[in-house]
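The structure under discussion appears below in the form of structure tokens.
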Amino acid sequence: MRNVNVLISGASIGGPALAHWLVRYGFKVTVVEKAGTLREGGQAVDFKGETHNTVLTRMGILDDVRRLQTGGADQEIVDANGRVLAVIPGEFTGGDLEIRRGDLSRLLYERTAPHCEYVFGDSITSLTETPAGVHVTFERAAPRTFDLVVGADGIHSNVRRLAFGPEADFVKFLGHYYALVELDADFGERAMMYNEPSRMVAVGGTKATAFFVFASDPLDYDRYDAEQQKAILARRYEGMGWRTPEIMKAVSTAEDVYLDSLSQVRIDRYSAGRVVLLGDAAYGNTLGGFGTGLAMVGAYVLAGELAAANGDHRAAFAEYDRQMRPYAKIAENGNAGPFMAPSGGVRMLMRNWTFKSKFLLGLMMKMTDKYATHIELKSY
Numbered sequence: 001m002r003n004v005n006v007l008i009s010g011a012s013i014g015g016p017a018l019a020h021w022l023v024r025y026g027f028k029v030t031v032v033e034k035a036g037t038l039r040e041g042g043q044a045v046d047f048k049g050e051t052h053n054t055v056l057t058r059m060g061i062l063d064d065v066r067r068l069q070t071g072g073a074d075q076e077i078v079d080a081n082g083r084v085l086a087v088i089p090g091e092f093t094g095g096d097l098e099i100r101r102g103d104l105s106r107l108l109y110e111r112t113a114p115h116c117e118y119v120f121g122d123s124i125t126s127l128t129e130t131p132a133g134v135h136v137t138f139e140r141a142a143p144r145t146f147d148l149v150v151g152a153d154g155i156h157s158n159v160r161r162l163a164f165g166p167e168a169d170f171v172k173f174l175g176h177y178y179a180l181v182e183l184d185a186d187f188g189e190r191a192m193m194y195n196e197p198s199r200m201v202a203v204g205g206t207k208a209t210a211f212f213v214f215a216s217d218p219l220d221y222d223r224y225d226a227e228q229q230k231a232i233l234a235r236r237y238e239g240m241g242w243r244t245p246e247i248m249k250a251v252s253t254a255e256d257v258y259l260d261s262l263s264q265v266r267i268d269r270y271s272a273g274r275v276v277l278l279g280d281a282a283y284g285n286t287l288g289g290f291g292t293g294l295a296m297v298g299a300y301v302l303a304g305e306l307a308a309a310n311g312d313h314r315a316a317f318a319e320y321d322r323q324m325r326p327y328a329k330i331a332e333n334g335n336a337g338p339f340m341a342p343s344g345g346v347r348m349l350m351r352n353w354t355f356k357s358k359f360l361l362g363l364m365m366k367m368t369d370k371y372a373t374h375i376e377l378k379s380y
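Residue numbers (full-length UniProt numbering): 1 to 380.
Here's what the structure looks like:
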């Protein structure tokens, strides 16, 4: 088999999932991750439908995911006095199986670490394709040459920037930001969400300790500076009612803060020579509800096609693109921002009414089920 030496950038979900399959097929895999360690906690992610279930089963991790699942709870939309206005059912937000992102990441890492090389605290600085492969330089490690390079490094993909071009050419900002904050304070087991025009705050339940969505023009800040991000949240949520002052006080002392834009990736091809993109780097739609499932299915298809083509990357990447593009099309549409943080009272009422109407809720559930299963998986 050709092209057996593969470098994967990104150790969250898509990268370790791809490593799992590639190792099984006989490839030699190195995973490089900018963070110093695996990122614990994080928002809950979900799987739904036969397609996701099949991939988890074929990976041999379905029972482990079930063991670690959060059991997605209903979320209450409340007014400033805490009165329940509507309830978002757990099966809508949590699919068939819901699991914390950090728990899934650790599960995939523990399954693959004995069989491949993980390098934490480092990042790719250049990619140069040669007749012998891809010459890769790193921030810290010595240069190396790999047969193939995979960018599984998120919507702000470093690999995509190096191999395809500037982020602005491929990432569309959707006019909103979101934040996840791990709080020391306990806000109870009830998952509650409160809105004022163009901003939302949620606490409790299994999704994340605190969750924020707000409308904004593009912001200039350091995504790795927690204090900057807390300052942005403090300004944006100043004067908001309900329990927001109490929540923001807890945010001010939090250590784990993640603030990012709601954005979509728009790209005409998933590969460039010996470099290929996977997951959010290729077909991300922040808070679109399908990111983890797309990454897991994409890893299954990409690895399977490389194995079926005996390492012929041109044939494998073309078939991967052909299969994944229709399935990932849902990620090219929709914007969760206006739904989660409506711009006015009428839009809030309409959103809440969606969850009060069995017909409208059922229609949305059928649509998401259809999108989650809109691919025929090969048996590689």
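For each residue, glycine too, the CB sits at the ideal point set by N, CA and C.
Do G273 and E129 count as a contact pair if the criterion is CB distance below 8 Å? When the beta-carbon positions are compared, E129 and G273 come within less than 8 Å of each other.
Please report how far the alpha carbon of D220 lies from the alpha carbon of M200, in whole angstroms. Going from the Cα of D220 to the Cα of M200 covers about 21 Å.
What span of residues does the alpha helix (DSSP H) with Q43 cover, start to end? Note, Q43: premise wrong, no alpha helix (DSSP H); not H, not E.
Quick one: Cα of D260 to Cα of A309, how far? Between D260 and A309, the C-alpha separation is close to 38 Å.
With a threshold of 6 Å on Cβ separation, who are the neighbours of V119 within its own chain once the five nearest residues in sequence on each side are excluded? V32.
Indicate whether F214 and H156 have their beta-carbon atoms separated by less than 8 Å. Taking 8 Å as the Cβ cut-off, F214 and H156 do not qualify as a contacting pair.
Limits of the unbroken beta strand (DSSP E) element including D256: Counting along the chain, the beta strand (DSSP E) containing D256 begins and ends at 256-265.
As an exercise, report each continuous alpha helix (DSSP H) stretch of at least 4 residues that is fully enclosed by the stretch 8-66, in chain order. Entirely contained in the stretch 8-66, the alpha helix (DSSP H) runs reaching 4 residues are, in chain order, 14-24, 49-59.
Classify H135 as helix, strand or coil using the three-state DSSP reduction. For H135, the secondary structure class from DSSP, reduced to helix, strand or coil, is strand.
Which of helix, strand or coil DSSP assigns to I232: In the three-state reduction of the DSSP assignment, I232 falls in the helix class, which pools H, G and I.
Could you tell me if D268 is buried or exposed, where buried requires 16 or more neighbouring beta carbons within 10 angstroms of its beta carbon? Burial call: exposed.
Do you know how far the Cα of S357 is from the Cα of G133? G133 and S357: Cα-Cα distance of roughly 56 Å.
Other residues of its chain near E305: CB distance less than 7 Å, five sequence neighbours each side excluded: A316, E319, Y320, listed in sequence order.
Roughly how many whole angstroms lie between the Cα atoms of G151 and R144? Rounded to the nearest angstrom, the two C-alpha atoms are 16 Å apart.
State the DSSP-derived secondary structure class of S126, mapped to helix, strand or coil. In the structure shown, S126 sits in a strand (DSSP, three-state: E or B).
Between F146 and V136, which are expected to be in contact by the criterion C-beta below 8 Å, what is the C-beta distance as a whole number of angstroms? Rounded to the nearest angstrom, the Cβ distance from F146 to V136 is 6 Å, consistent with a contact under 8 Å.
C-beta contact flag for L294 and V276 at 8 Å: No, the pair does not count as a contact, with Cβ atoms beyond the cut-off.
If we count the other Cβ atoms within 10 Å of its Cβ and call it buried at 16 or more, is A19 buried or exposed? Per the 10 Å Cβ criterion, buried.
How about Q75 and A179: do their beta carbons lie closer than 8 Å? Going by C-beta atoms, Q75 is not nearer than 8 Å to A179.
Does the stretch 64-74 come close enough to the stretch 94-103 to have 3 or more Cβ pairs within less than 8 Å? Because the criterion of three Cβ pairs below 8 Å is met, the stretch 64-74 and the stretch 94-103 touch.
Limits of the alpha helix (DSSP H) - the one that I88 falls within: Counting along the chain, I88 falls outside any alpha helix (DSSP H), though it belongs to the beta strand (DSSP E) covering 84-88.
Grab me the residues of P326's own chain with a C-beta within less than 8 Å of its C-beta, minus the 5 sequence neighbours each way, in chain order. Counting only Cβ-Cβ distances below 8 Å, and skipping sequence neighbours, we find H374, I375.
Close beta carbons around W353, own chain, < 8 Å, minus the five adjacent residues each side: Hits under 8 Å: A86, L360.
So who's on the other strand from H115, going by DSSP bridges? By DSSP's assignment, H115 forms no beta bridge with any residue.
Give the single residue among I13, E255, D64, W242 whose Cα lies nearest to the Cα of V203. Among I13, E255, D64, W242, the Cα nearest to that of V203 is on W242.
Starting from the C-beta of D225, find all residues in its chain whose C-beta is less than 8 Å away, skip the five residues before and the five after it, and write them out in chain order. Nothing meets the Cβ criterion.
Going by DSSP, which residues form a beta bridge with Y178? When DSSP reads this structure, Y178 sits in a beta bridge with V213, D260.
8 Å Cβ cutoff met for D46 and G154: Note that the C-beta distance between D46 and G154 is not below 8 Å.
Quick check on the DSSP output: the beta strand (DSSP E) that includes T145 runs from which residue to which? Where T145 is concerned, the enclosing beta strand (DSSP E) stretches over 144-146.
So, using beta-carbon positions, are T292 and I13 closer together than 8 Å? With a cutoff of 8 Å on beta-carbon distance, T292 and I13 are scored as near each other.
Do L302 and the ligand COA come close, with the Cβ less than 7 Å from some heavy atom? What this structure holds is no ligand at all, so the ligand COA is not there to describe.
Excluding the 5 residues flanking Y109 on each side, which residues of the same chain have their C-beta closer than 8 Å to its C-beta? Same-chain partners within the cutoff: A11, P16, L38, Y118.
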